[in-house]
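Take a look at the structure below.
Protein chains: 2
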Amino acid sequence: MNTESAPHAPTATRTAKALREVLEEDIAGGVYPPGTRLDEASLARRFAVSRTPIREALIELAASGLIEIRPRRGAFVREIGIRRLIEMFEVMAELEAMCGRLAARRMTPDEHARLVAAHEACARATESGDPSAYFEANGQFHEAIYSGSGNEFLAEQARALQSRLKPYRRLQLHVRNRVGNSFQEHEAIVAAILDGDDTRTEEALRAHILIQGERFNDFVASLRPRDGAS
Amino acid sequence: MNTESAPHAPTATRTAKALREVLEEDIAGGVYPPGTRLDEASLARRFAVSRTPIREALIELAASGLIEIRPRRGAFVREIGIRRLIEMFEVMAELEAMCGRLAARRMTPDEHARLVAAHEACARATESGDPSAYFEANGQFHEAIYSGSGNEFLAEQARALQSRLKPYRRLQLHVRNRVGNSFQEHEAIVAAILDGDDTRTEEALRAHILIQGERFNDFVASLRPRDGAS
DNA sequence: TCAACGGTTTTTGTATACAAGAAAGGAGAA
DNA sequence: TTCTCCTTTCTTGTATACAAAAACCGTTGA
Numbered sequence: 000m001n002t003e004s005a006p007h008a009p010t011a012t013r014t015a016k017a018l019r020e021v022l023e024e025d026i027a028g029g030v031y032p033p034g035t036r037l038d039e040a041s042l043a044r045r046f047a048v049s050r051t052p053i054r055e056a057l058i059e060l061a062a063s064g065l066i067e068i069r070p071r072r073g074a075f076v077r078e079i080g081i082r083r084l085i086e087m088f089e090v091m092a093e094l095e096a097m098c099g100r101l102a103a104r105r106m107t108p109d110e111h112a113r114l115v116a117a118h119e120a121c122a123r124a125t126e127s128g129d130p131s132a133y134f135e136a137n138g139q140f141h142e143a144i145y146s147g148s149g150n151e152f153l154a155e156q157a158r159a160l161q162s163r164l165k166p167y168r169r170l171q172l173h174v175r176n177r178v179g180n181s182f183q184e185h186e187a188i189v190a191a192i193l194d195g196d197d198t199r200t201e202e203a204l205r206a207h208i209l210i211q212g213e214r215f216n217d218f219v220a221s222l223r224p225r226d227g228a229s
Numbered sequence: 000m001n002t003e004s005a006p007h008a009p010t011a012t013r014t015a016k017a018l019r020e021v022l023e024e025d026i027a028g029g030v031y032p033p034g035t036r037l038d039e040a041s042l043a044r045r046f047a048v049s050r051t052p053i054r055e056a057l058i059e060l061a062a063s064g065l066i067e068i069r070p071r072r073g074a075f076v077r078e079i080g081i082r083r084l085i086e087m088f089e090v091m092a093e094l095e096a097m098c099g100r101l102a103a104r105r106m107t108p109d110e111h112a113r114l115v116a117a118h119e120a121c122a123r124a125t126e127s128g129d130p131s132a133y134f135e136a137n138g139q140f141h142e143a144i145y146s147g148s149g150n151e152f153l154a155e156q157a158r159a160l161q162s163r164l165k166p167y168r169r170l171q172l173h174v175r176n177r178v179g180n181s182f183q184e185h186e187a188i189v190a191a192i193l194d195g196d197d198t199r200t201e202e203a204l205r206a207h208i209l210i211q212g213e214r215f216n217d218f219v220a221s222l223r224p225r226d227g228a229s
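Top line first, the protein sequences correspond to chains V and A.
Position 195 of the first sequence, counting from 1, maps to 194 under numbering that gives the first Met the number 0, and the rest follow consecutively.
Position 84 of the second sequence, counting from 1, maps to 83 under numbering that gives the first Met the number 0, and the rest follow consecutively.
Below is the structure:
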């Protein structure tokens, strides 16, 4: 497909794109924790540009839901409460399930090959015990299913949401034995798709994603004693 | 809920919001047909503002997928092929089905009342034969289900997509007897929700939306003899 | 001590100015 | 005539300047 609009479709200028990507990573990476105020002047100084491209990048970030722009007040890194995160995983599960159902019916032999290749990459990463390699291969695996759905709009939606959840999914791979379990779930998904069994694929994928949400939930619960969930 | 961010969550400034809404309507209404180039200077003249707020509105429109910004080339109204439109309806059907499944389980008596009220408004609009009143009441009806899902993120996604499909849904209401059929489908949906039957609600809603996509497809097919579907 | 008021300062929102790339149009050669 | 190259013009992208609103802060009064 086109390399232009991978996870994020709309990019105004090249520098705004670059700015947005750096800011995304910083927000995901905790450089700007939730609630942080992103003031335009500081960002302009940091990137050695004027406020104009900064503002444009902020608007894009707001559109993707990462920050919130309160008129005349400024841009704030959005608090994503556990509640909302679980909601997002629920929706993600449904989108992936839908992709899977369609992919089981529609994938071409070529696409099957790509899926299997990604699955084998996951296998190698699992054996070598390299979580970040697994994370990467896992991305390819799911991408194969998105594009295999034959519904490009659906695929775009799935990519966009996956991208928003990326930092949390990454975190969650550190949970005990999650990589191994994830790989086994993939195994079932691949089998169902190769069988062309849409219902089985759908259910396996939904469960696969929902488990991630639950594991994440457990993980968070083990960190803090209590939270008011927005 | 908050009146601030109804269908679209992120709005930078108040004037950018106003600009975006007008442009959205113009694009939907055919003032700017697909492929049209939106040059900043003309828009600035039209709205009697500088290019700055225009650019910000365009970036938001690009983020919502209505236009495409090609760097250094300008903003173009996006062509939405029949193919893509059907894909969008497919996804919408799934989102609504999910809302329905959750709503059937989770809606409070208050929310039930609001749903029924919207349904009755639909009934009045059907009897009076006023399509635009029906369109409005129909929006309330679906909104009741979105917010009744108890998953605010899901509700936001549903609203956003519904907003993008709005012009096409509106068009489609002119199809012979579509309003009457739509109302009957609502009837089944309300019954299923009041019964708390999640599976029945899910299926009724999915069918309700998919039919819209199909009817729209028929409608388009009846207009042009042939199309290459991008 | 605390709350309310007013002025100062900072920050956002908008307009304008400038730079650089793309499109358009014309001149010249084949 | 038609293709190519170059110049001109126009449009976008970025920087800066200005206006207005919000935040800040010290003062004053109870």
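C-beta atoms are modelled at their ideal positions from N, C-alpha and C, and glycine is treated no differently.
Computed from a predicted structure; not experimentally measured.
- Straight-line spacing of the CA atoms in V/I58 and V/S162 works out to 18 angstroms.
- In the structure shown, A/E67 adopts extended strand secondary structure according to DSSP, grouped into three states.
- Among the residues facing chain V, A/P130 is not included, as its CB has no counterpart in that chain under 8 angstroms away.
- DSSP lists no bridge partner for A/F46.
- For the options A/I68, A/N137, A/V48, A/A17, the alpha carbon positioned closest to that of A/N180 is the one of A/N137.
- Put simply, the CB of V/I58 is near chain A, with a gap under 8 angstroms to one of its CB atoms.
- Ranked by Cα distance from V/N150, the options A/F88, A/A159, A/T35, A/K165 are led by A/F88.
- V/Q156 has a beta carbon lying within less than 8 angstroms of a beta carbon in chain A.
- Comparing C-alpha distances from V/A206 to each of V/A124, V/V21, V/A187, V/A74 shows the shortest one belongs to V/A187.
- Excluding sequence positions up to five before and after A/P130, its CB lies within less than 6 angstroms of the CB of L172, all in the same chain and listed in chain order.
- V/V76: member of the beta strand (DSSP E) spanning 73–76, first to last residue.
- Per DSSP, the unbroken alpha helix (DSSP H) holding A/S146 starts and ends at 130–147.
- Taking C-beta atoms as the reference points, V/R104 and A/F152 fail to come closer than 8 angstroms.
- With fewer than 16 other beta carbons inside 10 angstroms of its own, A/E213 counts as exposed.
- Runs of the alpha helix (DSSP H) lying entirely within the segment 73–122 of chain V and spanning at least 4 residues, in chain order: 81–105.
- Around the beta-carbon of V/A203, 16 or more other beta-carbon atoms lie within 10 Å, marking it buried.
- Within chain A, the residues E86, E89, V90 have their CB atoms less than 8 angstroms from the CB of V/N150, given in chain order.
- Residue burial annotation: A/R100 is buried, with at least 16 other C-beta atoms found within 10 angstroms of its C-beta.
- In the three-state reduction of the DSSP assignment, V/R169 falls in the helix class, which pools H, G and I.
- In the structure shown, the three-state DSSP call for A/R175 is coil.
- At a Cβ-Cβ threshold of 8 angstroms, V/E95 and V/I192 do not count as neighbours.
- Scanning A/A47, A/R77, A/G73 for the CA closest to the CA of A/E23 turns up A/R77.
- A/L153 belongs to the set of residues whose beta carbon lies under 8 angstroms from a beta carbon in chain V.
- As computed with DSSP, V/R36 is found in a beta bridge with V/F75.
- The beta carbon of A/E126 sits no closer than 8 angstroms to any beta carbon of chain V.
- For the C-beta of A/E93, the chain V residues within less than 9 angstroms are, from N- to C-terminus, E93, L94, A96, M97, L153.
- For V/E55, the C-beta contacts it makes with chain A under 9 angstroms involve R54, E55, I58, in order along the chain.
- Counting other Cβ atoms within 10 Å of its Cβ, A/Q156 reaches 16 or more and is therefore classed as buried.
- Going by DSSP, V/V21 is part of the alpha helix (DSSP H) stretching over 13–27.
- Against chain A, a Cβ distance below 8 angstroms from V/R83 picks out E151, F152.
- Look at V/G195 here: in three-state DSSP terms it is coil, with no helix or strand label.
- Taking C-beta separations shorter than 7 angstroms and ignoring five residues to either side along the sequence, the partners of V/Q211 in its chain run F88, R168, Q171, following chain order.
- Put simply, of V/S127, V/I66, V/M97 the residue whose alpha carbon is nearest the alpha carbon of V/T35 is V/I66.
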